[in-house]
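Visitor: Chains as they are written, first to last, in the numbering used here: chain W, 610 to 901; chain S, 7 to 288. Cβ coordinates follow ideal geometry from the N, Cα and C atoms, glycine included. Pasting in a structure now, in structure tokens, and then I'll have a few things to ask.
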Amino acid sequence: MKRTVFGGHLLPWLLLAPQLLVTIVFFLWPAGQAVRQSFLREDAFGLSTSFVGLANYRALFRSDEYLNSLQVTVVFSVSVAVLSMGVSLFLAAAANRVVRTGRVYTTLLVWPYAVAPAVAGIMWWFIFNPTIGILPYLLDGLGYDWNHSLRPTDAMILVVIAASWKQISYNFLFFLAGLQAIPASLNEAAAIDGAGPFKRFRTITFPLLAPTTFFLLVVNIVYTMFDTFGIIHATTEGGPNQATNILIYKVYEDGFLQLDLGSSAAQSVILMAIVITMTMIQFRWIERRVEY
Amino acid sequence: MVEHRPFLNILTHAVLILGVAVVTFPVYLALIASTHPATAFSSGVIPLLPGNQATENYAAMMGRGISSSGAPPLGLMMTNSLIMALVIALGKIAISITSAFAIVYFRFPFRQLAFWTIFITLMLPVEVRIVPTFEVVADLGMLNSYAGLTIPLIASATATFLFRQVFLTIPDELMEAARIDGAGPMKFFRDILIPLSRTNMAALFVILFIYGWNQYLWPLLVTTDARYYTVVAGIKRMADVADAVPQWNFVMTAVVLAMLPPVLVVIAMQRLFVKGLIEAEK
């Protein structure tokens with residue numbers, strides 16, 4: 610809070626006007642429309658709409674496809690979070706040990722942040738191409754016939770790897786910052802008491818990283834749920850047989866390809882509720898961090 | 007480092023080198039693929055060493071594009087992406103810094119309401135409410151235009167919060183001194199606040215440029231006219247064709263060109279990038 614402020618009521622509204630206008634027209638109004646449409650059903654020709662109450666929501670939770678999509682999203686999010694955070698923590702712990710060359714490794718590890726999810730997806734799609742890709746070729750040598758356009762598990766592995774690859778740089782930077790914030794004296798004291806590097810990591814470093822880890826967990830789940838549309842759309846398109854049809858892809862598919870507006874709107878509302886919950890969790894964490 | 011353990015040091019470097027290798031691997035393959043003729047991908051395994059068609063591939067993609075997929079030349083798509091990224095980044099910074107100024111330096115009715123309205127945008131990513139947002143933009147006649155590509159994405163709670171934090175740390179005495187010297191609010195904003203938040207703006211710009219350049223779903227929906235295609239959204243159209251008729255050399259050329267500008271921005275401005283990334287999460 611500022612002790613002194615400028616007077617006048619018109620100027621602050623003029624300053625806020627562009628932001629508020631964009632927010633109301635392109636955020637609040639569409640969100641309100643989504644809520645409204647989720648209670649309506651439109652006939653096949655778009656000629657008449659009728660109020661159907663919660664029917665769209667009930668239909669969703671009875672639909673096997675939607676429940677499958679929920680499950681796929683959970684599997685996808687948890688796999689990406691675990692894989693990407695695990696690899697990043699490992700790399701950050703290593704980079705934190707090397708004093709002089711640490712910055713060089715950081716530069717070499719952070720740039721994938723700038724690669725678009727769709728572009729990352731296409732690159733891994735190419736590497737895993739069943740006929741000419743390098744990884745299927747190697748897997749064939751091990752006796753595994755890779756085919757992500759037929760096998761649901763292969764498709765899921767493909768999108769998990771592409772999504773994790775892109776997120777490594779972000780997790781790495783935050784883990785490295787977290788590691789550097791741990792006072793060296795703690796590690797030194799434990800070393801004098803005879804604890805080896807691995808024991809020190811397990812009993813001192815990892816517990817002290819808990820706030821960073823929790824924060825990254827939330828960020829990674831939000832990322833896989835809402836920012837990976839490009840990866841799915843550019844590669845598997847939700848297939849094969851719905852195996853990679855995550856919620857965010859399904860909203861698009863039902864709304865734009867199937868033109869089922871009521872169902873798509875209900876899905877939007879559910880997704881908004883999820884984002885609001887995640888944002889609240891994230892903000893609570895930050896409030897607690899301030900107390901440290 | 008606490009103790010001297012040569013074996014562990016070697017292991018540490020081995021882990022890091024392996025990590026860098028894994029992270030670089032897909033990009034390396036894309037680069038290599040962009041230097042080969044289309045025939046290199048019809049059978050066998052993808053090439054691992056550079057070919058000799060680099061100039062031809064890049065010249066062809068920049069100049070003509072893959073005509074069979076209806077995709078325009080990459081030169082045009084990259085210009086569109088650049089316009090989109092710049093307008094989004096500069097627009098977000100401009101409207102957020104004035105909003106933060108209004109919220110921090112003025113007391114007016116419904117100030118809290120204005121603050122919460124901006125805060126809510128954080129919880130409504132465009133992917134989540136895609137159909138109604140598309141309808142609004144269509145009703146306003148903004149499909150196939152730069153305005154349609156950029157304005158709906160321009161509100162930013164994150165940037166507003168960041169500038170609010172910056173302003174709150176600026177000592178009150180500065181403002182009091184400015185007022186005694188007879189400076190009005192806009193003069194104070196221009197001559198004191200903007201210069202003091204210059205590094206924050208630059209850091210934010212790096213993050214927002216990448217955000218704008220990498221937009222995918224939104225350009226895919228609002229552009230049906232090839233003149234407005236952006237490069238990241240355009241790649242999918244090429245890859246679809248490449249699945250039927252392998253043109254992986256062209257697709258990978260496009261991939262390399264699509265990631266080059268944002269990657270260069272990150273590498274060239276690494277310090278600002280890290281600052282922006284960490285501040286944006288506060």
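Could you check if aspartate 673(W) is buried or exposed, using at least 16 other CB atoms within 10 Å of its CB as the buried criterion?
Guide: Exposed is the call here.
Visitor: So for serine 659(W), helix, strand or coil by DSSP?
Guide: In the structure shown, serine 659(W) sits in a strand (DSSP, three-state: E or B).
Visitor: Counting only Cβ pairs nearer than 9 Å, list the residues of chain W close to tyrosine 152(S).
Guide: None at all; the shortest Cβ gap to chain W is about 15 Å.
Visitor: From the beta carbon of isoleucine 857(W), is the nearest beta carbon of chain S less than 8 Å away?
Guide: It does; some Cβ of chain S falls within 8 Å.
Visitor: Closer than 9 Å by beta-carbon distance: list the chain W residues that pair up with asparagine 255(S), in chain order.
Guide: Per Cβ cutoff of 9 Å: no residues; asparagine 255(S) is ~11 Å from chain W at best.
Visitor: Excluding the 5 residues preceding and the 5 following aspartate 869(W) in the sequence, name in chain order all residues of the same chain whose CB lies nearer than 7 Å to its CB.
Guide: Excluding residues within five positions, the ones whose Cβ falls inside 7 Å are Asp863.
Visitor: Kindly indicate which residue of Phe256(S), Lys281(S), Val238(S), Ile273(S) has the alpha-carbon position closest to the one of methionine 83(S).
Guide: Comparing Cα-Cα distances from methionine 83(S) to each of Phe256(S), Lys281(S), Val238(S), Ile273(S), the minimum goes to Val238(S).
Visitor: Answer yes or no: does any C-beta atom of chain S fall closer than 8 Å to that of valine 631(W)?
Guide: Chain S contact via Cβ: present.
Visitor: Please decide whether phenylalanine 234(S) counts as near chain W, where near means a Cβ-Cβ distance under 8 Å.
Guide: Per the sequence shown, residue 234(S) should be read as tyrosine rather than phenylalanine. Judged by the 8 Å Cβ criterion, tyrosine 234(S) is not in contact with chain W.
Visitor: Does any C-beta atom of chain S lie closer than 8 Å to the C-beta of alanine 772(W)?
Guide: No, because no Cβ of chain S sits closer than 8 Å to the Cβ of alanine 772(W).
Visitor: Rank Pro806(W), Asn829(W), Met765(W) by C-alpha distance to the C-alpha of serine 778(W) and give the top, closest one.
Guide: Serine 778(W) has its Cα closest to that of Asn829(W), out of Pro806(W), Asn829(W), Met765(W).
Visitor: Pull out every residue of the segment 213-247 of chain S whose Cβ sits closer than 7 Å to any Cβ of chain W, in chain order.
Guide: So the close ones are Ile216, Asn220, Tyr222, Leu223, Val238, Ile241, Lys242, Ala245.
Visitor: 8 Å is my cut-off, CB to CB: does alanine 95(S) come that close to chain W?
Guide: Judged by the 8 Å Cβ criterion, alanine 95(S) is not in contact with chain W.
Visitor: From the DSSP output, in three-state form, read off valine 884(W) for me.
Guide: Note: valine 884(W) maps to helix in three-state DSSP.
Visitor: Count the other CB atoms within 10 Å of the CB of valine 33(S); is the residue buried (16 or more) or exposed (fewer)?
Guide: Answer is buried; the Cβ neighbour count reaches 16.
Visitor: Within the segment 761-812 of chain W, note down every full beta strand (DSSP E) run reaching 3 residues or more, in order along the chain.
Guide: The qualifying runs do not exist here; there are none.
Visitor: To the nearest angstrom, report how far apart phenylalanine 140(S) and isoleucine 633(W) are at their CA atoms.
Guide: Spanning the two alpha carbons is a distance of roughly 14 Å.
Visitor: Using C-beta distances below 6 Å, list every residue in its chain close to glycine 742(W), excluding the 5 sequence neighbours before and after it, in chain order.
Guide: Excluding sequence neighbours, glycine 742(W) sits near Ile736.
Visitor: Going along the chain, which unbroken runs of the alpha helix (DSSP H) with 4 or more residues stay wholly within the segment 26-71 of chain S?
Guide: Counting whole runs of 4 or more residues, the segment 26-71 of chain S contains the alpha helix (DSSP H) stretches 60-69.
Visitor: Do you know how far the Cα of valine 262(S) is from the Cα of asparagine 255(S)?
Guide: The alpha-carbon atoms of asparagine 255(S) and valine 262(S) are separated by roughly 11 Å.
Visitor: Within 10 Å of its beta-carbon, does aspartate 187(S) have 16 or more other beta-carbons around it, so buried, or fewer, so exposed?
Guide: That one is exposed.
Visitor: To the nearest angstrom, how far is the alpha carbon of valine 137(S) from that of alanine 144(S)?
Guide: Each residue's Cα considered, the two are about 10 Å apart.
Visitor: Determine the burial state of leucine 270(S): buried for a count of at least 16 other Cβ atoms within 10 Å of its Cβ, exposed for fewer.
Guide: That one is exposed.
Visitor: From this set, Phe823(W), Leu620(W), Leu767(W), Ile841(W), which residue's C-alpha is nearest arginine 113(S)'s C-alpha?
Guide: Closest option to arginine 113(S), Cα to Cα, is Leu620(W).
Visitor: With 8 Å as the C-beta to C-beta threshold (strictly closer), list the residues of the segment 868-899 of chain W near chain S in chain order.
Guide: Under the 8 Å Cβ criterion, the segment 868-899 of chain W contributes Leu870, Ser873, Ala874, Ser877, Leu880, Met881, Val884, Ile885, Thr888, Ile895.
Visitor: Which one or two residues does DSSP pair with phenylalanine 615(W) in a beta bridge?
Guide: The partner list for phenylalanine 615(W) (beta bridge, DSSP) reads Phe112(S).
Visitor: Taking 8 Å as the CB-CB cut-off, is lysine 808(W) touching chain S?
Guide: Cβ-Cβ to chain S under 8 Å: no for lysine 808(W).
Visitor: Contact check, phenylalanine 636(W) vs alanine 161(S) under 8 Å by CB: the rounded distance?
Guide: Right, the Cβ-Cβ distance comes to about 6 Å (below 8 Å), so this counts as a contact.
Visitor: Please report the distance separating the alpha-carbon of tyrosine 901(W) from that of proline 816(W).
Guide: For tyrosine 901(W), the predicted structure reports a pLDDT of 35, less than 50, and the residue's modelled location is therefore unreliable. A value from the coordinates is still provided. If I take the Cα positions, the gap works out to 15 Å.
Visitor: Who are the Cβ neighbours of glutamate 133(S) in its own chain at under 7 Å, not counting the five residues just before and after it?
Guide: Hits under 7 Å: Leu223.
Visitor: With burial defined as no fewer than 16 other Cβ atoms inside 10 Å of the residue's Cβ, what is the status of alanine 643(W): buried or exposed?
Guide: Answer is buried; the Cβ neighbour count reaches 16.
Visitor: So does the segment 214-234 of chain S actually touch the segment 80-94 of chain S, counting three or more Cβ pairs closer than 8 Å?
Guide: Touching, yes, given that three or more Cβ pairs across the two stretches are closer than 8 Å.
Visitor: Any chance the segment 751-761 of chain W sits against the segment 55-64 of chain S, with 3 or more Cβ pairs inside 8 Å?
Guide: Result no; under three Cβ-Cβ pairs closer than 8 Å.
Visitor: How is the alpha helix (DSSP H) around arginine 709(W) delimited, first residue to last?
Guide: Segment: none, arginine 709(W) is in no alpha helix (DSSP H) and carries neither H nor E.
Visitor: Who are the neighbours of aspartate 178(S) on chain W, taking C-beta pairs under 7 Å?
Guide: In chain order: Lys611, Arg612, Thr613.
Visitor: Between serine 102(S) and chain W, is there a C-beta pair that is closer than 8 Å?
Guide: Cβ-Cβ to chain W under 8 Å: yes for serine 102(S).
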